[in-house]
Amino acid sequence: MNRNVKDTIFEGLTGISVLLIIFIIVSILAITIVGGWPNLNWTFLSEFPKDGMTKGGIFPAIVGTAVMTIIMAIAAVPFGVITAIYLAEYASEKSVIAKIIRFAVKTLAVVPSIIFGLFGLGFFIGFIGKNMDGLLNGGELRWGQPNILWASLTMALLTLPVVIVSVEEAIRTIPREMREASLALGATKWQTIRKVVLPGSVSGILTGTILAVSRGAGEVAPILFTGAAYFLSNLPHSLSDQFMSLGYHIYIMSTQSSNVDATQPIQFATTLVLLLLTFSLNAVAVTLRYRIRKKAK
Amino acid sequence: MDFSRINNKNKNTGKDIVTFNKKKFRFSDWFAEKVIKAVAFLSIAVVILIFIFVFREAFPIFKMDKKTSASTVTLVQESYGGSGTENSTVKKADNQVNNSNIINATDEKPSATLLSNTWMPVSDKPRFGLWPLFLGTLKVTLIALLFAAPISIMAAIYTAMFAKPRVREIIKPVIELLAGFPSVVIGFFALMVMATVFQNIFGYASRLNAFVGGIAMGLAAIPIIYTLTEDALTAVPKTFIEASLGLGASRRQTAFYVVLPAAVPGIFAAVVLGLGRIFGETMIALMATGNAAMISMNPFDSVRTLSATIGAEMAEVVFGDTHYNVLFLIGSLLFIFTFALNAVAEFYFKNLVIRRYQSKK
Numbered sequence: 001m002n003r004n005v006k007d008t009i010f011e012g013l014t015g016i017s018v019l020l021i022i023f024i025i026v027s028i029l030a031i032t033i034v035g036g037w038p039n040l041n042w043t044f045l046s047e048f049p050k051d052g053m054t055k056g057g058i059f060p061a062i063v064g065t066a067v068m069t070i071i072m073a074i075a076a077v078p079f080g081v082i083t084a085i086y087l088a089e090y091a092s093e094k095s096v097i098a099k100i101i102r103f104a105v106k107t108l109a110v111v112p113s114i115i116f117g118l119f120g121l122g123f124f125i126g127f128i129g130k131n132m133d134g135l136l137n138g139g140e141l142r143w144g145q146p147n148i149l150w151a152s153l154t155m156a157l158l159t160l161p162v163v164i165v166s167v168e169e170a171i172r173t174i175p176r177e178m179r180e181a182s183l184a185l186g187a188t189k190w191q192t193i194r195k196v197v198l199p200g201s202v203s204g205i206l207t208g209t210i211l212a213v214s215r216g217a218g219e220v221a222p223i224l225f226t227g228a229a230y231f232l233s234n235l236p237h238s239l240s241d242q243f244m245s246l247g248y249h250i251y252i253m254s255t256q257s258s259n260v261d262a263t264q265p266i267q268f269a270t271t272l273v274l275l276l277l278t279f280s281l282n283a284v285a286v287t288l289r290y291r292i293r294k295k296a297k
Numbered sequence: 298m299d300f301s302r303i304n305n306k307n308k309n310t311g312k313d314i315v316t317f318n319k320k321k322f323r324f325s326d327w328f329a330e331k332v333i334k335a336v337a338f339l340s341i342a343v344v345i346l347i348f349i350f351v352f353r354e355a356f357p358i359f360k361m362d363k364k365t366s367a368s369t370v371t372l373v374q375e376s377y378g379g380s381g382t383e384n385s386t387v388k389k390a391d392n393q394v395n396n397s398n399i400i401n402a403t404d405e406k407p408s409a410t411l412l413s414n415t416w417m418p419v420s421d422k423p424r425f426g427l428w429p430l431f432l433g434t435l436k437v438t439l440i441a442l443l444f445a446a447p448i449s450i451m452a453a454i455y456t457a458m459f460a461k462p463r464v465r466e467i468i469k470p471v472i473e474l475l476a477g478f479p480s481v482v483i484g485f486f487a488l489m490v491m492a493t494v495f496q497n498i499f500g501y502a503s504r505l506n507a508f509v510g511g512i513a514m515g516l517a518a519i520p521i522i523y524t525l526t527e528d529a530l531t532a533v534p535k536t537f538i539e540a541s542l543g544l545g546a547s548r549r550q551t552a553f554y555v556v557l558p559a560a561v562p563g564i565f566a567a568v569v570l571g572l573g574r575i576f577g578e579t580m581i582a583l584m585a586t587g588n589a590a591m592i593s594m595n596p597f598d599s600v601r602t603l604s605a606t607i608g609a610e611m612a613e614v615v616f617g618d619t620h621y622n623v624l625f626l627i628g629s630l631l632f633i634f635t636f637a638l639n640a641v642a643e644f645y646f647k648n649l650v651i652r653r654y655q656s657k658k
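Pasting the structure below:
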């Protein structure tokens with residue numbers, strides 16, 4: 001076969017692969033929007049589910065997802081930022097400890113999310129929760145069962161690597177000269193980190209937080225048995241309450257609901273809400289990260 | 298440019314040590330460093346805790362083996378609440394079943410049924426045969442990988458070798474957007490749209506099956522394999538490409554005979570990490586594979602994967618029950634497997650990449 005023909009065929013095939021992936025992405029978006037848009041209105045967003053979850057809105061699921069991701073971010077972001085500071089500022093390139101920490105972070109990033117669910121059940125609920133009940137409540141069951149706190153903490157462990165990676169990348173883009181200038185003026189290492197490094201990596205911390213929130217809002221497997229509830233008639237008002245979540249709602253409505261066909265509009269609209277949420281968060285994070293990388297060049 | 302950055306870092310850390318040996322002791326600095334170090338250890342602690350707590354809940358299955366078989370029988374019976382007379386009949390029936398089966402499960406030990414061919418955790422006589430689950434996971438993973446790996450590698454080649462810089466700037470973030478799609482959304486799409494479309498095309502019997510689930514899980518792995526492959530391809534030194542093009546080779550020949558061979562370890566690492574993602578994927582498996590634990594090689598039959606089994610059944614089991622322990626055992630297996638995959642990708646393939654370029658410097 002002619003060389004030029006082979007070249008064209010190969011380039012065409014690789015181009016088609018790209019187009020196919022983009023086509024799939026666009027069709028997921030398009031079908032979700034077409035299916036969910038007609039049902040998406042203010043009452044849907046602000047009402048509780050009604051009539052055995054066949055009518056009404058998804059207000060408690062939105063609130064539950066929001067509260068869960070906020071608690072998650074409060075837990076994950078400080079730990080992630082501090083670990084990133086250690087990796088970027090304190091650990092030397094050759095240190096064995098730093099290598100082990102890096103490997104642990106990567107492991108956390110690839111462990112299946114369902115394992116985090118099992119861990120949350122075994123550790124937070126079965127171990128910490130049970131012992132808290134024994135000490136605080138005299139054995140009465142309060143913390144030793146699924147609730148929003150344990151679900152959020154489980155999710156925080158899952159999103160920890162996301163924060164660490166983003167923040168470390170941002171810290172590494174801060175020019176060495178700035179640190180040296182600060183040190184030369186007599187600032188200590190900690191002062192330099194606080195006054196020069198951290199302010200310079202705010203956008204990185206923000207990127208990491210947004211990515212973590214987006215990931216946490218979308219994950220379902222870790223909260224399946226650590227706190228998500230099928231249906232609640234009240235919003236959670238304490239950390240030991242269960243909560244409803246958007247992702248779990250989609251899963252329940254599309255697989256376990258008594259009448260899957262009748263609730264299809266609700267399913268599509270809920271999926272659209274979740275997709276819009278994670279999508280817009282990701283878009284913001286990608287733009288922020290792009291800016292950081294451009295600055296680094 | 299990359300090399301200069303690495304050198305800067307080394308100089309930086311080296312200089313810091315020198316500077317700080319001369320400084321006088323400051324409590325805030327000392328304290329901050331200690332706290333930061335302690336917190337950094339948290340990620341190691343979490344990995345170890347996951348190991349301990351997932352294994353701890355799985356462990357009782359093996360402990361039951363050590364007891365006499367009689368006591369195990371009563372144990373099983375207690376958890377399912379049968380009376381004395383029922384017990385003996387159940388036992389007899391069990392023996393009959395066991396005799397008729399060729400499988401070597403000769404008594405009621407729950408762990409002895411682990412290697413059998415039936416997964417029936419909720420019945421009078423629960424059987425925890427993991428083979429159908431293993432086989433199902435393997436089947437779905439294979440389908441997903443056969444779909445996702447070629448397409449993502451091809452797309453990465455296009456992005457790294459053929460696309461104009463401006464097109465590249467668009468393609469990369471768009472494909473990476475797919476990584477931001479929650480798996481429950483992909484699962485929903487598979488359940489609602491792909492299942493129906495594929496059934497119309499192929500005309501098979503069960504709407505939800507290994508094929509639909511596999512393709513949907515492949516979608517979740519595409520951004521991982523694509524991004525890492527693209528990184529591996531662009532990490533190949535520009536001089537290689539320029540030398541090849543300068544000798545008169547076309548871009549396809551350069552891609553095939555120069556860039557791809559040089560990037561093979563990186564691409565392998567990408568595929569391995571994609572495999573880990575598929576293997577542990579729960580929500581898509583739960584929603585799109587049909588969840589029937591059966592042994593068959595037909596890609597259009599329903600399957601039940603390991604992770605989906607945990608997701609579907611954990612909410613209904615009793616704390617500390619045998620079934621509960623078996624689900625944790627499945628979790629331990631998943632954890633060991635992904636941990637090993639990550640270790641292989643991290644240490645083996647990375648060393649290969651480093652050695653390759655250093656020897657050629």
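As you go down the protein sequences, you meet chains A and B in turn. Counting from 1, position 23 in the first sequence corresponds to residue 23 in this note's numbering; the numbering is continuous, with no gaps. Counting from 1, position 49 in the second sequence corresponds to residue 346 in this note's numbering; the numbering is continuous, with no gaps. Don't be surprised by glycine CBs; every beta carbon is placed ideally from N, CA and C.
Using a CB distance cut-off of 8 Å, E168/A does not count as an interface residue toward chain B.
Cβ neighbours of G117/A within its own chain (closer than 8 Å, five residues either side excluded): T154, A221, P222, I223, L224, F225, T226. The DSSP-derived three-state label of K50/A is strand.
Using beta-carbon distances, F48/A does not count as an interface residue toward chain B, since no partner is under 8 Å.
Contact note: G36/A does not reach chain B at a C-beta cutoff of 7 Å; the least C-beta distance is about 11 Å. Within the DSSP bridge table, the entry for A228/A names F243/A as partners. Nearest in C-alpha terms to I97/A, of all of G426/B, L346/B, S340/B, is S340/B. Contact residues of the region 486-499 of chain B toward chain A are F486, L488, M489, V490 (C-beta to C-beta distance below 8 Å).
With distances taken between CA atoms, P479/B lies nearest to L246/A out of L246/A, A187/A, R176/A. When C-alpha distances from D51/A are compared across E180/A, Q191/A, S257/A, the shortest belongs to S257/A.
For L411/B, not one C-beta of chain A is nearer than 8 Å to its own C-beta. Sequence-distant partners of E527/B (beyond 5 residues in either direction) whose C-beta falls short of 6 Å from its own C-beta, in its chain, are A453, T456, A457. Take A61/A, set aside five residues on each side of it, and the residues of its chain with a beta-carbon closer than 8 Å to its own are M244, S245, L246, Y248, H249, T270, in chain order.
Here the alpha carbons of V5/A and V555/B stand approximately 20 Å from one another. Under the rule that a run must span 4 or more residues, the alpha helix (DSSP H) segments found entirely inside the region 9-88 of chain A read 42-46, 59-85.
Judged by DSSP secondary structure, G571/B falls within the alpha helix (DSSP H) whose first and last residues are 557-577. Beta-carbon to beta-carbon, I210/A and L281/A are separated by about 5 Å, close enough to satisfy the 8 Å threshold. Residue pairing by DSSP puts G587/B in a beta bridge opposite V600/B. Closer than 8 Å to the CB of G200/A there is not a single CB belonging to chain B.
Contact annotation: M514/B and A582/B have beta-carbon atoms nearer than 8 Å. One thing to note: A487/B has its Cβ within 8 Å of the Cβ of A585/B. Counting only the Cα atoms, K422/B lies some 22 Å from G608/B. By the C-beta criterion, the region 428-439 of chain B is judged to be in contact with the region 589-600 of chain B, since at least 3 inter-stretch pairs fall below 8 Å.
Look at the region 93-147 of chain A and you find these whole runs of alpha helix (DSSP H), each 4 residues long or longer: 96-110, 113-119, 130-136.
For the region 340-357 of chain B, residues whose beta-carbon sits nearer than 9 Å to a beta-carbon of chain A comprise S340, I341, A342, V343, V344, I345, L346, I347, I349, F350, V351, R353, E354.
With a contact defined as Cβ atoms closer than 8 Å, G484/B and A441/B miss out at about 13 Å.
Three or more Cβ pairs closer than 8 Å define a contact, and the region 618-637 of chain B meets that threshold against the region 349-358 of chain B. F634/B and I349/B have their C-alpha atoms roughly 16 Å apart. Contact with chain A is found for V482/B, since one of that chain's Cβ atoms lies less than 8 Å from the residue's Cβ. Contact of R504/B with chain A by beta-carbon distance below 8 Å is absent, the smallest such distance being about 12 Å. Along the region 429-456 of chain B, going in chain order, the ones with a CB nearer than 9 Å to a CB of chain A are P447, I448, S449, I450, M451, A452, A453, I454, Y455, T456.
Residues S599, R601, A605, A609 of the same chain have their beta carbon placed closer than 7 Å to that of N588/B, with the five preceding and five following residues left out of the count. Excluding the 5 residues flanking it on each side, L439/B has same chain C-beta neighbours closer than 8 Å at G511, in chain order. Shown here for P265/A: same chain residues with a beta carbon closer than 6 Å to its own, the five before and five after excluded, namely N39 in chain order. Proximity to P558/B across G545/B, R574/B, A532/B peaks at A532/B, based on C-alpha coordinates.
For E140/A, same chain residues with a beta-carbon under 7 Å away, outside a window of 5 residues either side, are D133 in chain order.
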